[in-house]
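Enquirer: My questions all concern the structure below.
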Amino acid sequence: MTRIAFFSCFAVLCCILLLTAPVNAAEAFGFVHNFAVTGDVQPVNWRLKLEFTRPVSILEISKRLSCKLDGTSTRIKVINATSFDVEEQKKSLPPERKIFIIGPAEKNPATGTYEITITKGITAAESKEVISSNTTVKFSTKGAITISSVEPFFNDANEKGVYFDLSDNVKDFKLRKHVKITPPIGYYTVNRQYYNDRDRYRVSGKFVTGKKYELQIIGGSVEGEGQVLANAKQEFVAVGPQPQISFAADRSVLELRSRQ
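Each position in the sequence shown, counted from 1, maps to that position plus 628 in the numbering used here.
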């Protein structure tokens, strides 16, 4: 066999293997979970998303979930929503779907340490594949720190931005990781302002006077502090220097009045 014939046969064989191989290996049946805010400390009205690779019946979810609060069984529920960004919907969602949002059943849930178990045996609606192991999610809850007011300021060309108040004191260098300004302004600082009656912070940077911005607090656990920040968004318009009013009078008028 010549070299050309050998390579021709090899190329044909490779094509046959490619054509007979499956296009994509089937993705294994399973799920991932994540919270509405990051961290092991969650707000009291926490939300946990379960996202499966195949549609699952809500009945399967309901009977495979258990929850303990400080070691005692407590009720949780499947919320009628598939996204953290929307409120619970009034219209029923399809009973078989890939995404489920879980939250506390009580209107005013207690704070403490939660342990949620998704037990093995959850079965895919169509393929009948089964999840073969338990998954346990542990976290604690605290009252979330919220934003209460926003106030733009201008001191000079190098010191302008926005003040905002929080419901509790957070170390500013740790708070900086949770503060986002849109549209972006480049480098900016977040500094605590010291008052006796409020927990005020200042964001200072290259804001453009008259332009609308959004101050976003990215909710989640404050690193190493056992605190949790609530998600928040507040719009404001950057302010500039106040107009200065000056008065001028004709010199002859001033001289005439001085003689009188």
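Built from N, CA and C at the ideal position, the CB exists for glycine as well.
L843 by DSSP, collapsed to three states: which one?
Expert: Position 215 of the sequence shown holds residue 843. If DSSP states are grouped into helix, strand and coil, L843 belongs with the strands.
Enquirer: Taking T751 as the reference, give the member of R675, G847 and K691 with the closest Cα.
Expert: For the purposes of this step, residue 751 is taken as residue 123 along the sequence shown, with counting starting at 1. Nearest C-alpha to T751: K691.
Enquirer: Please classify A703 as buried or exposed, where buried requires at least 16 other C-beta atoms within 10 Å of its C-beta.
Expert: Along the sequence shown, one-based indexing puts residue 703 at 75. A small correction: the amino acid at residue 703 is Arg; Ala does not occupy that position in the sequence shown. Classification for R703: exposed.
Enquirer: In the structure shown, what three-state DSSP assignment does D784 receive?
Expert: Position 156 of the sequence shown, counted from the start, is the residue given in the question as residue 784. If DSSP states are grouped into helix, strand and coil, D784 belongs with the strands.
Enquirer: Only counting runs of 4 or more residues, tell me where the alpha helix (DSSP H) segments fall wholly within the segment 678 to 712, in order along the chain.
Expert: List check, alpha helix (DSSP H) in window: 686 to 691.
Enquirer: Starting from the Cα of Y823, find the closest Cα among T817, Y791 and G852 and give me that residue.
Expert: If you number the sequence shown from 1, residue 823 lands on position 195. Cα-wise, what sits closest to Y823 is Y791.
Enquirer: Which word fits Q670, buried or exposed, when buried means at least 16 other C-beta atoms lie within 10 angstroms of its C-beta?
Expert: Taking the first residue of the sequence shown as 1, we reach residue 670 at position 42. When all chains shown are included, Q670 counts as buried.
Enquirer: Go to F728, then tell me how far its beta strand (DSSP E) extends in each direction, as first and last residue.
Expert: Counting from 1 along the sequence shown, the entry for residue 728 is found at position 100. That run of the beta strand (DSSP E) goes E724 to P732.
Enquirer: Is it buried or exposed, Q821, if we count other Cβ atoms within 10 angstroms and call 16 or more buried?
Expert: Counting from 1 along the sequence shown, the entry for residue 821 is found at position 193. It counts as exposed.
Enquirer: Thinking just about the alpha-carbon of each residue, which of K834, T741, G848 and G749 is nearest to the one in G786?
Expert: Locating residue 786 in the sequence shown gives position 158, counting from the first residue. Residue identity check: residue 786 is Asn in the sequence provided, not Gly. Nearest of K834, T741, G848 and G749 to N786, Cα basis: K834.
Enquirer: How should Y829 be labelled, buried or exposed, when 16 other C-beta atoms within 10 angstroms of its C-beta is the threshold for buried?
Expert: The residue labelled residue 829 in the question sits at position 201 within the sequence shown. With 16 or more other Cβ atoms within 10 Å, it is buried.
Enquirer: Who are the near neighbours of E754 in its chain, counting only those whose CB is closer than 8 Å to its CB and skipping five residues on each side?
Expert: The sequence position of residue 754 within the sequence shown is 126, counting from 1. Only R682 and P683 meet the Cβ criterion.
Enquirer: To the nearest angstrom, how far is the alpha carbon of V778 from that of Q862?
Expert: Here the question's residue 778 lines up with position 150 in the sequence shown. Here the question's residue 862 lines up with position 234 in the sequence shown. Rounded to whole angstroms, V778 to Q862 spans 7 Å at the Cα level.
Enquirer: Between which residues of its own chain and T837 is the CB-CB distance below 7 Å, once the five residues before and five after are set aside?
Expert: Counting from 1 along the sequence shown, the entry for residue 837 is found at position 209. The answer, listed in chain order, is A866, V867 and G868.
Enquirer: Three or more C-beta pairs under 8 Å: does that hold for the segment 738 to 746 against the segment 692 to 700?
Expert: Contact between the segment 738 to 746 and the segment 692 to 700 is present, because at least three Cβ pairs lie under 8 Å.
Enquirer: Starting from L803, follow the alpha helix (DSSP H) in both directions and report where the run begins and ends.
Expert: In the sequence shown, counting from the first residue as 1, residue 803 sits at position 175. Looking at the DSSP string, the run of the alpha helix (DSSP H) that includes L803 is D800 to L803.
Enquirer: Helix, strand or coil, according to DSSP, for P869 in the structure here?
Expert: Against the sequence shown, residue 869 aligns to sequence position 241. It is coil, neither helix nor strand.
Enquirer: State whether the segment 712 to 727 contacts the segment 760 to 771, with contact taken as three or more CB pairs (one from each stretch) at a distance under 8 Å.
Expert: Output reads no: the segment 760 to 771 does not touch the segment 712 to 727.
Enquirer: Leaving out the 5 sequence neighbours to the left and right, which residues in its chain are closer than 7 Å to F663 when beta-carbon positions are compared?
Expert: The residue labelled residue 663 in the question sits at position 35 within the sequence shown. Excluding sequence neighbours, F663 sits near Q670, W674, R675 and L676.
Enquirer: Kindly indicate which residue of S694, S832, G848 and I746 has the alpha-carbon position closest to the one of G658.
Expert: As a position in the sequence shown, residue 658 is number 30, starting the count at 1. Closest option to G658, Cα to Cα, is I746.
Enquirer: In angstroms with no decimal places, state the Cα-to-Cα distance between F781 and G789.
Expert: What you label residue 781 is simply residue 153 of the sequence shown in a count that begins at 1. What you label residue 789 is simply residue 161 of the sequence shown in a count that begins at 1. Using only the alpha carbons, I get a separation of about 6 Å.
Enquirer: Do I809 and L857 come within 9 Å of each other at the CB atom, strictly closer than that value?
Expert: Within the sequence shown, numbered from 1, the residue matching residue 857 stands at position 229. Within the sequence shown, numbered from 1, the residue matching residue 809 stands at position 181. For L857 and I809, no; Cβs fall outside 9 Å.
Enquirer: Can you tell me which of G731, N819 and D793 puts its alpha carbon nearest to the alpha carbon of F801?
Expert: Taking the first residue of the sequence shown as 1, we reach residue 801 at position 173. Ranking the options by Cα distance to F801, first place goes to N819.
Enquirer: Given a cut-off of 9 Å, decide if V758 and G771 are closer than it, judged by their beta-carbon atoms.
Expert: If you number the sequence shown from 1, residue 771 lands on position 143. If you number the sequence shown from 1, residue 758 lands on position 130. For G771 and V758, no; Cβs fall outside 9 Å.
Enquirer: For Q870 and S849, I'd like the C-alpha separation in whole angstroms.
Expert: The count along the sequence shown starts at 1 and reaches residue 870 at position 242. The count along the sequence shown starts at 1 and reaches residue 849 at position 221. Distance between the alpha carbons of Q870 and S849: 39 Å.
Enquirer: Let's test the definition: count the other Cβ atoms within 10 Å of the Cβ of Q855 and tell me whether it reaches 16, buried, or not, exposed.
Expert: If you number the sequence shown from 1, residue 855 lands on position 227. Q855 is buried by the Cβ-count criterion.
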